[in-house]
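Using the numbering used here, read the sequence shown as starting at 3 and increasing by one per residue.
Notes for the one structure printed next.
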Amino acid sequence: MGRGKVQLKLIENKIYRQVTFSKRRSGLLKKAHEISVLCDAEVGLIVFSTRGKLCEYATDSCMDKILERYERYSYAEKVLVSAESETQGNWCDEYRKLKAKVETIQKCQKHLMGEDLESLNLKELQQLEQQLESSLKHIRSRKSQLMLESISELQKKEKSLQEENTVLQKELVEKQVHKQQVQRDQTLPRPS
Numbered sequence: 003m004g005r006g007k008v009q010l011k012l013i014e015n016k017i018y019r020q021v022t023f024s025k026r027r028s029g030l031l032k033k034a035h036e037i038s039v040l041c042d043a044e045v046g047l048i049v050f051s052t053r054g055k056l057c058e059y060a061t062d063s064c065m066d067k068i069l070e071r072y073e074r075y076s077y078a079e080k081v082l083v084s085a086e087s088e089t090q091g092n093w094c095d096e097y098r099k100l101k102a103k104v105e106t107i108q109k110c111q112k113h114l115m116g117e118d119l120e121s122l123n124l125k126e127l128q129q130l131e132q133q134l135e136s137s138l139k140h141i142r143s144r145k146s147q148l149m150l151e152s153i154s155e156l157q158k159k160e161k162s163l164q165e166e167n168t169v170l171q172k173e174l175v176e177k178q179v180h181k182q183q184v185q186r187d188q189t190l191p192r193p194s
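As structure tokens, then:
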């Protein structure tokens, strides 16, 4: 005997609703993974719980690339469909998308600053840690590059100053020799 068909309506009991959400979310994530593996498809899935907690799945953890690709495709599709008529609705959609993107960026920025980490699970924290380590590696590399460039410039300056110093020392020695010569000439008796 199989299960009866589930009637689709809001589950009134919050606990049952949360349990159902958790189970269905897991199933949805599993299906997203399966379709990405079986069909070699790029899959991006975003789910927000009633509490606003984000749950996402992205093929090869490249949600940003998938969202950018979607936005490009979506934008190109809109341009083709409504090339001559920009309506208020399109602007509202664009505004909502940009607002969502800004919120996502702000949330990522907070995470990078070590804020609002309570909403992240272990995998997300590990990804954040990898991003921070990668960023730190790039920062250190750039810092080293700038320091080496600075050292190189200082060495060039030092060489130039040494050359200038050598020239000045030569001039000084020549002037001293000339001065001594003049003094000797003045002390010698002149023939009458």
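Even glycine gets a Cβ: it sits at the ideal position worked out from N, Cα and C.
Pick from the options that is closest to residue i, judged by C-alpha positions
| i | options | result |
| --- | --- | --- |
| G1 | C41, M65, Q20, R71 | Outside the displayed range of the chain (3 to 194) lies residue 1, so it cannot be described from this structure. |
| A60 | V8, T52, I48 | I48 |
| E70 | K103, S38, C57, W93 | K103 |
| S76 | Q132, E96, D62, E14 | E96 |
| I13 | Y72, L156, T22 | T22 |
| I17 | E44, L127, T52, S38 | T52 |
| L114 | R98, L134, L122 | L134 |
| I107 | P191, D66, H140, K145 | D66 |
| E126 | L30, C64, L170 | C64 |
Counterpart residues of residue i in DSSP-defined beta bridges
| i | result |
| --- | --- |
| C57 | V49 |
Exposure label - residue i; buried when at least 16 CB within 10 Å
| i | result |
| --- | --- |
| L40 | exposed |
| A78 | exposed |
| A34 | buried |
Cβ neighbours of residue i in the same chain (closer than 6 Å, five flanking residues each side left out)
| i | result |
| --- | --- |
| D118 | K112 |
| E44 | T61, I68 |
| S137 | none |
| L130 | H113 |
| K101 | none |
Chain-order list of residues whose beta-carbon lies under 8 Å from that of residue i (same chain, five-residue window excluded)
| i | result |
| --- | --- |
| F50 | L56, C57 |
| S38 | E44, V45, T61 |
| Q9 | none |
Closer than 7 Å: residue i CB and nearest the ligand GTP heavy atom
| i | result |
| --- | --- |
| L31 | In the structure shown, the ligand GTP is absent, as is every other ligand, since no ligand is present at all. |
Proximity test, Cβ basis, 8 Å: residue i and chain D
| i | result |
| --- | --- |
| V39 | Protein chain content of the structure displayed is limited to a single chain, and chain D is not contained in it. |
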